[in-house]
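Letter by letter, the sequence shown follows residues 170 to 317 in this note's numbering.
Note that beta-carbon positions come from the ideal geometry of N, C-alpha and C, so glycine has one too.
All figures in this text were calculated on a predicted structure; none of them were measured in a lab.
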Amino acid sequence: MLNQITYMLFKLKLTQPSENTIDYWVNTNAVEKLEYTLKHGNYKTRLWAAEGLEHEGRASSVPVLLYTINDKIQNVSIAALNALEALGCNNELTISITSKRFNWVKTIRDKEEKRNVIITKKHNIYRWKRASKQSFDRVKAQLKKPIR
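This is the structure we're talking about:
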């Protein structure tokens, strides 16, 4: 009963379901509730819902999981990929999952290389030629003049 109330409050956007509630939905085969949570929940509940759909294993939840692959939170995307692999869909889907994982690794490497390049870059701006220093000196000189 409490889990049904939690679902209604979640649909009204008043609260988020807890991990225990999502586990209860997994045990009672409430795939529709898990799919709704995967679409509209915060990052923690989306993660738990994707893991729940991995254990539930229905082919009807494949479109929702495919949509979740491109989630901004990487852990949610990984959970969705794991759920799709557990469902054991066709070969084309497996190829796209593998390419998505390789793209992640490539983007992570690119970000680290870019960060290392920025750290090693040296600036050739001399302190006495900065624009802010020049404007400060100009204001300082104007303040030294007597007020008329």
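**Cut-off 8 Å between Cβ atoms - residues of its own chain near Thr214, not counting five sequence neighbours on either side** = Gln185, Pro186, Ile191, Thr206
**Message:** Please report the distance separating the alpha-carbon of Thr237 from that of Ala300.
**Reply:** 48 Å
**Prompt:** Can you tell me the Cα-Cα spacing of Val286 and Lys269, whole angstroms?
**Reply:** 26 Å
**Item:** Best match in Ile174, Ala252, Val233 for proximity to His224 [C-alpha to C-alpha]
**Value:** Ala252
**Message:** In this structure, how does DSSP classify Gly166 when only helix, strand and coil are distinguished?
**Reply:** Missing from the structure shown is residue 166; the chain here goes from 170 to 317 and no further.
**Message:** Within 10 Å of its beta-carbon, does Glu204 have 16 or more other beta-carbons around it, so buried, or fewer, so exposed?
**Reply:** buried
**Request:** Please report how far the alpha carbon of Val195 lies from the alpha carbon of Asn239, in whole angstroms.
**Result:** 23 Å
**Prompt:** Lys283 by DSSP, collapsed to three states: which one?
**Reply:** helix
**Request:** Figure out for me which residue from Leu312, Leu183, Leu171 has the closest Cα to the Cα of Gly210.
**Result:** Leu183
**Message:** So, with DSSP's three-state summary, where would you put Asp240?
**Reply:** coil
**Request:** Scan the region 187 to 236 and note each continuous alpha helix (DSSP H) run of 4 residues or more that stays entirely inside, going in chain order.
**Result:** 188 to 196, 200 to 209, 212 to 225
**Asked** Going by C-alpha distance, which of Pro232, Leu181, Arg227 is nearest Ala199?
**Response** Arg227
**Rounded C-alpha distance that separates Leu234 from Gln303** = 57 Å
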